[in-house]
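One structure is given below, encoded as structure tokens.
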Amino acid sequence: MRFRRSDACAVIPGEPDARGRRALPDPQARRAITLVAAVFLGAAAFVWLSLSRPEPATFAPTPPVPAEVGERLVGPIIYTIDAAAADRWHFFDFSRGAAVEPGPLDWDLAFRRFHIIANGGEGFAGNAGIAALDGVAFDSVRVVPESGYATTVAGRDSINAAIDRWYDYSFTTHLLTPKPRLYAVRTADGRFAKLELLSYYCPGARPGCVTFRYVYQGDGSRRVR
Numbered sequence: 001m002r003f004r005r006s007d008a009c010a011v012i013p014g015e016p017d018a019r020g021r022r023a024l025p026d027p028q029a030r031r032a033i034t035l036v037a038a039v040f041l042g043a044a045a046f047v048w049l050s051l052s053r054p055e056p057a058t059f060a061p062t063p064p065v066p067a068e069v070g071e072r073l074v075g076p077i078i079y080t081i082d083a084a085a086a087d088r089w090h091f092f093d094f095s096r097g098a099a100v101e102p103g104p105l106d107w108d109l110a111f112r113r114f115h116i117i118a119n120g121g122e123g124f125a126g127n128a129g130i131a132a133l134d135g136v137a138f139d140s141v142r143v144v145p146e147s148g149y150a151t152t153v154a155g156r157d158s159i160n161a162a163i164d165r166w167y168d169y170s171f172t173t174h175l176l177t178p179k180p181r182l183y184a185v186r187t188a189d190g191r192f193a194k195l196e197l198l199s200y201y202c203p204g205a206r207p208g209c210v211t212f213r214y215v216y217q218g219d220g221s222r223r224v225r
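Rendered as structure tokens:
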């Protein structure tokens, strides 16, 4: 049996040649190895993120049962409004303590997904505004400020600058988490409330349920405790 010189010199990738040197895999094999490694690492990262992803606080929407508060001090009350529909605003009235169908002056705050606005500013019928109160706890605030309330700027995406960035967003978990911040609210008819955002998630971690805690003063004073 005859052997060709090329047979004698053939080297299997990864095995040493006649001089003891290891041959490298060809480019196609290297690409395949790289692809397999990338798929493996991606799958491992997905599993790790799934296992380490924290469960957000979730709340079921509060049934809307509007009832006149009058001139009473009410709260603290925890309320959840289902604002998951991205094509319309969902309205809340402090004087009735519920989500409502709005007339021009019948609402104080409106929610659409993670957007929140007040019924005040050019193009709005009310006098509502929002002020961010940094570095204070909900229970510690007895009286809200007289001034400093931001009104809403109307547009394709209406914005109230005081509360526009009420959340932190994690690029790792893709969750929205409320910032530890208190807000003072001047209502559409000039009364006052304090408000703290608690969650953005419905049961099952479905986004769009905005949950907040509030105290509302119905007598026109700024006392909220």
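Going by the working numbering, 43 is the number at position 43 of the sequence shown; the sequence numbering is gapless.
Just so it is clear, CB atoms sit at the ideal spot from N, CA and C, and this is done for glycine as well.
Contact check, residue i vs residue j, beta carbons under 9 Å
i, j, result
"Asn119", "Ala110", "yes"
"Ala128", "Asp108", "yes"
"Ala193", "Tyr149", "no"
"Tyr79", "Phe171", "no"
"Leu168", "His115", "Rather than Leu, the amino acid found at residue 168 in this sequence is Asp. No, the pair does not count as a contact, with Cβ atoms beyond the cut-off."
"Ala86", "Ala125", "no"
Contacting residues, own chain, Cβ-Cβ under 7 Å from residue i (five flanking each side not counted)
i, result
"Pro56", "Leu175, Ser199, Tyr201, Ala205"
"Gly121", "Thr151, Thr152, Val153, Ala154"
"Ser50", "Below a pLDDT of 50, predicted positions are generally treated as unreliable, and Ser50, at 49, falls in that range; the measurement from the model is reported next regardless. Contacts found: none."
"Gly103", "none"
"Ser140", "none"
DSSP beta-bridge partners of residue i
i, result
"Leu109", "Phe92, Ala118"
"Arg222", "In the DSSP output, where bridge partners are listed per residue, Arg222 has none listed."
"Ser199", "Thr211"
"Gly204", "In the DSSP output, where bridge partners are listed per residue, Gly204 has none listed."
"Tyr167", "Pro178"
"Gln217", "Leu73, Phe192"
"Ile33", "None, per the DSSP bridge assignment."
"Val153", "Ile159"
Cβ neighbours of residue i in the same chain (closer than 6 Å, five flanking residues each side left out)
i, result
"Val143", "Arg222, Arg223"
"Ile243", "A question about residue 243 goes unanswered here, because the residues of the chain that appear run from 1 up to 225."
"Leu197", "Trp166, Pro178, Phe212"
"Pro54", "none"
"Phe138", "Leu182, Glu196"
"Val136", "Leu182"
Endpoints, beta strand (DSSP E) assigned at residue i
i, result
"Arg186", "182 to 186"
"Val100", "98 to 100"
"Thr80", "73 to 82"
"Gly126", "Per DSSP, Gly126 belongs to no beta strand (DSSP E) and is neither H nor E."
Residues near residue i in its chain [Cβ-Cβ closer than 8 Å; skip 5 each side]
i, result
"His90", "Ile81, Asp82, Ala83, Ala99, Ala110, Phe111, Arg112"
"Gly190", "Asn127, Gly220"
"Arg88", "Arg112"
"Pro61", "Thr80, Ile81, Asp82, Cys202, Cys209"
"Ala162", "Gly129, Ile130, Ala131, Ala132, Tyr149, Ala150, Tyr183"
"Glu101", "Phe91"
contact_flag[the segment 68 to 81, the segment 207 to 221] where n(CB pairs < 8 Å) is 3 or more: yes
Meets three-Cβ-pair contact criterion under 8 Å: the segment 59 to 70 and the segment 89 to 102: yes
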